[in-house]
Every structure is written in C-alpha cells, then in structure tokens.
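Here's the structure we're looking at; comments come further down.
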Amino acid sequence: MWTSNRKAEGRTVEAAVDLGVVTLGGDPAGVYLGGERRWVAVCAPGGYQWRPQTGDKVLVVKAGDQMEIPCLAGVRQPEIQAEEPPLEAGAVRITGGSGRMDLNSKGVVLDGKEMALKGRVTVNGERLEDMIGRIAADVAASMLG
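Here my numbering = 1-based position in the sequence shown + 687.
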C-alpha cells in the first residue's frame, strides 16, 4: 500500500496548455516545454496559414489521453514597437517580415515597401486600366486646351 502511494506521489501532472519557445521553425515545428519536442503540428483557424520562427513564444495545446499530442495553437503577440501605431479595439493586424496590414474601422491600411496586385483590379466598379487611361486622357485634353 505504501509503495503504491509513493509512486503516485512522485508523478507530476502535466498541464494541458503551456507556453513554449520554438526551437525549429516551420510546420511541423520543434518546441521547448521543459524539454524539446519535435514534429509538433501547427494549428490555425480555417483559411489561415502561419509558420512559427525559431525563438517565437507559442501557445501549445496538448491533446490525447496522456496529453501526448502537442499542437502549436498560436504565437504570443509581440510588444508594440515605438514606431508602430497602437492597434485600435476591434482591429486586426497581420505582419510578416517587414510588411504590415491593419484591418480597422478605416478599412485596409497597408504599410510596406511594395504591394503587388494580381488579377482584375477595380476601383468603384471601374477596371484600373480603364480608369488610368481616362485620367491620362483628361490630363492631356486639359493641357492641350
């Protein structure tokens, strides 16, 4: 009786959710949670994809009867840099590399060095190419009198 209690007392219960640090970026990832775990799946909301980087602080959810199936469920939000505007309530900020996109009450705000558009681009229902041609024709007509 005493020996069976001693074995049970020596065990520690592992938390079902924990904060860890990514040791190998990508998907699957490696994460340190008091010991390194490899081949950890990266989970995200439907339609959204992300790849953690080495050093990211991440939320790890552990599934299974013995909590043997860890999954990276999110990344800890970084501190807002002094040069970045604060994120307003209800807004969403997407960052990647040096680019940033805010979805807020003003609409979509892009802050980056380059923006590429592919496919059909319209402004108020008018094709962008047609709009540029119309504006160029108006400018030329006003210059010629």
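Each residue gets a CB set at the ideal place from its N, CA and C atoms; glycine is no exception.
Can you check DSSP and say which residues form a bridge with residue i?
i: Gly-707; result: Val-745
i: Val-796; result: Asp-789
i: Val-718; result: Val-709, Arg-724
i: Leu-759; result: Val-729, Val-747
i: Glu-810; result: For the record, residue 810 in the displayed sequence is Val; it is not Glu. Its beta-bridge partners are Glu-813.
Where do the ends of the alpha helix (DSSP H) carrying residue i lie?
i: Arg-821; result: 815 to 831
Just how far apart, CA to CA, sit residue i and residue j?
i: Arg-780; j: Gly-832; result: 47 Å
i: Asp-752; j: Pro-715; result: 21 Å
i: Leu-711; j: Gln-740; result: 7 Å
i: Gln-764; j: Thr-782; result: 11 Å
i: Ser-792; j: Asn-811; result: 19 Å
i: Val-704; j: Gly-721; result: 13 Å
i: Gly-713; j: Leu-759; result: 11 Å
i: Ile-822; j: Gly-784; result: 35 Å
i: Leu-790; j: Asp-825; result: 34 Å
i: Gly-794; j: Arg-807; result: 20 Å
i: Val-729; j: Leu-706; result: 14 Å
i: Val-796; j: Glu-775; result: 13 Å
i: Ile-819; j: Val-762; result: 42 Å
i: Asp-645; j: Gly-733; result: No statement about residue 645 is possible, as the shown extent of the chain runs from 688 to 832 and does not include it.
Near residue i, which residues of its chain fall below 6 Å by C-beta distance, leaving aside the five closest residues on each side in sequence?
i: Trp-737; result: Ala-731
i: Pro-757; result: Arg-724, Val-727, Val-747, Lys-749
i: Glu-701; result: Met-754
Excluding the 5 residues preceding and the 5 following residue i in the sequence, name in chain order all residues of the same chain whose CB lies nearer than 8 Å to its CB.
i: Glu-771; result: Arg-787
i: Val-708; result: Val-718, Tyr-719, Gly-742, Asp-743, Lys-744, Val-745
i: Thr-809; result: Leu-815
i: Met-777; result: This sequence places Gly at residue 777; Met is not what is there. Result list for Gly-777: Asn-791, Ser-792, in chain order.
Along the chain, where does the beta strand (DSSP E) containing residue i start, and where does it finish?
i: Gly-783; result: 779 to 783
Within the same chain, show all residues whose beta-carbon is closer than 7 Å to that of residue i, passing over the 5 residues directly before and after it, in chain order.
i: Asp-798; result: Arg-787
i: Lys-805; result: none
With 8 Å set as the bound, which would you pick, yes or no: does the beta-carbon of residue i sit closer than that to a beta-carbon of chain B?
i: Gly-784; result: Protein chain content of the structure displayed is limited to a single chain, and chain B is not contained in it.
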